[in-house]
Structures are given as C-alpha cells and as structure tokens.
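Numbering (our numbering), first residue to last: 242 to 571. In this text, a Cβ means the ideal position worked out from N, Cα and C, and glycines have one as well. This structure is a prediction, so every number in the text was calculated from the model and none was measured. Below is one structure, written out as structure tokens; the observations come after it.
Laid out in structure tokens, this is it:
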C-alpha cells in the first residue's frame, strides 16, 4: 500500500487524456500514434515488430476520412483547450485542499505525457496522482495512459511516489454532474410537443475480445448508467448503446445506429443522447453524435434529437474531480 503523501510538499496531479489533432495536418500522425499503441492493437507474440508498419498503413488509409470529420468540426479537435480548462479549474479548486500542481498529459498528441513528466521533474515534484479522465476503466484508455507513463518514468529513472486513480465511475458527485447536465439537455425539447423523452446513453465501444479477457469497462458503464437512472427525477426511459467502432473485429453492442433504428420502429420522437464515457467534447460528440447520428435520426424521422452538454469544466464535475484527487492523496 502506498504511504500517505507528505502534506507539506506539492502533489502533482497528471490529467491523462487521449488528445486529438490540433490541425488537419496533425490527423495522420495522431492516428499513427493511436494505432502504434500495443494496448490498442495487440499483435501475437513474435509479431510486435510489425506494429509500426501496420500503424503507418492504417493511419494513411484512414486519415482522408478522418480529415473530413475534423474539417466539419472546424479543422481540429478542441480537446486540448477543454482539458486545459479542466486543468485550470481543478488546480484552483484543489488550492483550498493543499498544495497541488495539475498538469495535462495526452496519450497520442500534444501536450503529451513526456512533456507532463518533464514539468513534474522540472518543478521538483516527488509525489504524483495519476488521474485518467475516463470514469470507467479500460486497458484501451486509462490502462494505456498509465502504462505509457510508467514506461516514461522507468526510462527517465525518476523516483516518484505515485497513486493511480484507476476509475471513478460510481463517484456520487460525478453521477450528480451527469444528472445535472441531463436536466439541462432536457430543456432543449419544446414543451408544447407531447411525448416521452427517451434517454440514450452512448459509450465508446471496445472490441468484445477485450471484455472477454476481463476488462471491466462494459460492466462499469452499465453500473454508471444504473446509478444515473436512480438519480433522475421522472423515471425516464433509458437505453444504452456504443459508438466509434473501427475495423472488422466484433465490438460490444448494440451500436447507436442499431438502437436509433429500434427506437424509430417504436415511433419514438424525442431522444436525448448522453455521452456517458466522455467528459469533454471531441470528435465522438461533435462529429459522431451531433452530425452523423443526427443525420441518421433525421432519415429515420426522429424529429427531436438532442445531445446532453458534455461535462467539460462544469462546476459540479470539477468538484467531483477535486474530491477524487483530494481523497486519494491524503
């Protein structure tokens, strides 16, 4: 067990996120970094040397399509700026709980994890809390970021006392933040239009084989959805689906597209999408939900299709992160 941190020293907090391309020119190298990750693409033993070549082929093949997504979003991902807003707000909030320095480390783009470690070393910080910005744990998200951090620390031969926050999918204040934003999202629907609002939780999908190996991600997603459901006031109809499938492997489901067709067959007219595994806006919310799924909803004659505002730097969400960090560093 990790001993308690020294309260007289500064505690570094590393916010780990995936990152996103900050220009159209960055799309292909961002995809290369993503598909070079052994926690994302696990090749059979003896074939790991092929991963960079495979990543180069995939990134070149997918980048023209992906550039279209980012072009529709204004030419880049906003995740760096939004994560910086979260960093700044969290550092300010933690200032009342002790001495903290919050930094950002992106797994696949800038500012990357190595630059975060550089800052920790430069400021002489010796005790660190790793906080992946993924409420539910998966080896493909939180696990990958922590593994890369550990590789960098070992490579640099740095002695750090470290606490890893593995997941926080059931933290009460996080649940409260989601519920509050659902209530905001429900105000998008015209009051004069009759009919029940159906809430569609959308989580990032993962290949089924990852879950079969014991990854807790799907179970934690389902538990988060159930906790949110219990905290909603009006007993809304709840649905869960998954998005962002890539490749030919079988992924967990149902997909959002399948669920929308099912709801359309039931003549549902009012759907609020809740991006439950995402805590800030990026391509999965701004393109997939707001543009791609909205187009599908229009084609299926679902007239009222809205998305819950992402948590971003909402005060309740920042309070949740503050409680999570402060609780782990005492």
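Run through DSSP, which three-state label would residue i get?
{"i": "residue 520", "result": "coil"}
{"i": "residue 372", "result": "strand"}
{"i": "residue 534", "result": "helix"}
{"i": "residue 242", "result": "Note that residue 242 scores a pLDDT of 45, beneath 50, so its modelled location is shaky; the value from the coordinates is reported in the next line. Coil, per DSSP."}
{"i": "residue 365", "result": "coil"}
{"i": "residue 509", "result": "coil"}
{"i": "residue 379", "result": "coil"}
{"i": "residue 399", "result": "coil"}
{"i": "residue 543", "result": "coil"}
{"i": "residue 569", "result": "helix"}
{"i": "residue 356", "result": "helix"}
{"i": "residue 554", "result": "coil"}
{"i": "residue 247", "result": "coil"}
{"i": "residue 385", "result": "helix"}
{"i": "residue 393", "result": "helix"}
{"i": "residue 559", "result": "helix"}
What distance in whole Å lies between the Cβ atoms of residue j and residue i, which are believed to be in contact at a cut-off of 8 Å?
{"i": "residue 366", "j": "residue 342", "result": "6 Å"}
{"i": "residue 434", "j": "residue 381", "result": "Not confirmed; about 39 Å, so no contact."}
{"i": "residue 464", "j": "residue 524", "result": "Not quite, the Cβ-Cβ distance comes to about 26 Å (not below 8 Å), so this is no contact."}
{"i": "residue 271", "j": "residue 262", "result": "4 Å"}
{"i": "residue 528", "j": "residue 310", "result": "5 Å"}
{"i": "residue 258", "j": "residue 401", "result": "Going by Cβ atoms, the distance from residue 258 to residue 401 rounds to 20 Å, so no, they are not a contact pair."}
{"i": "residue 501", "j": "residue 426", "result": "With a Cβ gap of about 17 Å, residue 501 and residue 426 do not count as contacting."}
{"i": "residue 444", "j": "residue 483", "result": "5 Å"}
{"i": "residue 534", "j": "residue 430", "result": "That belief does not hold up - the Cβ atoms of residue 534 and residue 430 are roughly 17 Å apart, past 8 Å."}
{"i": "residue 572", "j": "residue 543", "result": "With the chain running from 242 to 571 in the structure shown, residue 572 is simply not present."}
{"i": "residue 357", "j": "residue 345", "result": "6 Å"}
{"i": "residue 438", "j": "residue 477", "result": "6 Å"}
{"i": "residue 385", "j": "residue 281", "result": "7 Å"}
{"i": "residue 247", "j": "residue 368", "result": "7 Å"}
{"i": "residue 449", "j": "residue 493", "result": "5 Å"}
{"i": "residue 420", "j": "residue 469", "result": "6 Å"}
{"i": "residue 511", "j": "residue 436", "result": "5 Å"}
{"i": "residue 340", "j": "residue 250", "result": "7 Å"}
Have a look at the DSSP bridge pairing and note the partners of residue i.
{"i": "residue 342", "result": "253"}
{"i": "residue 441", "result": "480 and 514"}
{"i": "residue 548", "result": "514"}
{"i": "residue 258", "result": "347"}
Quick check on this structure: which residue in the options has the alpha carbon closest to the alpha carbon of residue i?
{"i": "residue 405", "options": "250, 254 and 249", "result": "254"}
{"i": "residue 297", "options": "518, 469 and 268", "result": "268"}
{"i": "residue 277", "options": "293, 422 and 288", "result": "293"}
{"i": "residue 455", "options": "556, 333, 548 and 378", "result": "378"}
{"i": "residue 409", "options": "489, 390, 458 and 420", "result": "458"}
{"i": "residue 569", "options": "335, 326 and 330", "result": "335"}
{"i": "residue 564", "options": "416, 275 and 345", "result": "416"}
{"i": "residue 383", "options": "407, 363, 558 and 360", "result": "407"}
{"i": "residue 515", "options": "422, 468, 264 and 358", "result": "422"}
{"i": "residue 452", "options": "491, 520 and 327", "result": "491"}
{"i": "residue 347", "options": "331, 538 and 372", "result": "372"}
{"i": "residue 553", "options": "537, 354 and 326", "result": "326"}
{"i": "residue 442", "options": "519, 386 and 505", "result": "519"}
{"i": "residue 322", "options": "461, 305, 556 and 260", "result": "260"}
{"i": "residue 279", "options": "437, 430 and 388", "result": "388"}
{"i": "residue 418", "options": "307, 320, 354 and 550", "result": "550"}
{"i": "residue 252", "options": "289, 300, 283 and 332", "result": "332"}
{"i": "residue 414", "options": "273, 556, 315 and 248", "result": "556"}
{"i": "residue 481", "options": "312, 461, 488 and 282", "result": "461"}
{"i": "residue 559", "options": "250, 256 and 249", "result": "256"}
{"i": "residue 496", "options": "362, 530 and 354", "result": "530"}
{"i": "residue 265", "options": "318, 536, 291 and 506", "result": "318"}
{"i": "residue 561", "options": "489, 507 and 376", "result": "376"}
task = Run through the stretch 273-354 for me and flag every whole alpha helix (DSSP H) of 4 or more residues, listed as ranges in chain order.
result = As far as the stretch 273-354 is concerned, its whole alpha helix (DSSP H) runs of at least 4 residues are 292-313 and 320-335.
query = At what residue ranges does the stretch 401-450 contain a whole run of the alpha helix (DSSP H), taking only runs of 4 or more?
reply = Annotation: the stretch 401-450 contains the following complete segments of the alpha helix (DSSP H) (minimum length 4 residues), in chain order: 413-427.
request  = Report the residue ranges of all alpha helix (DSSP H) runs contained in full by the stretch 452-499; include only those spanning at least 4 residues, in chain order.
outcome  = Counting only runs of 4 or more, we get 458-472.
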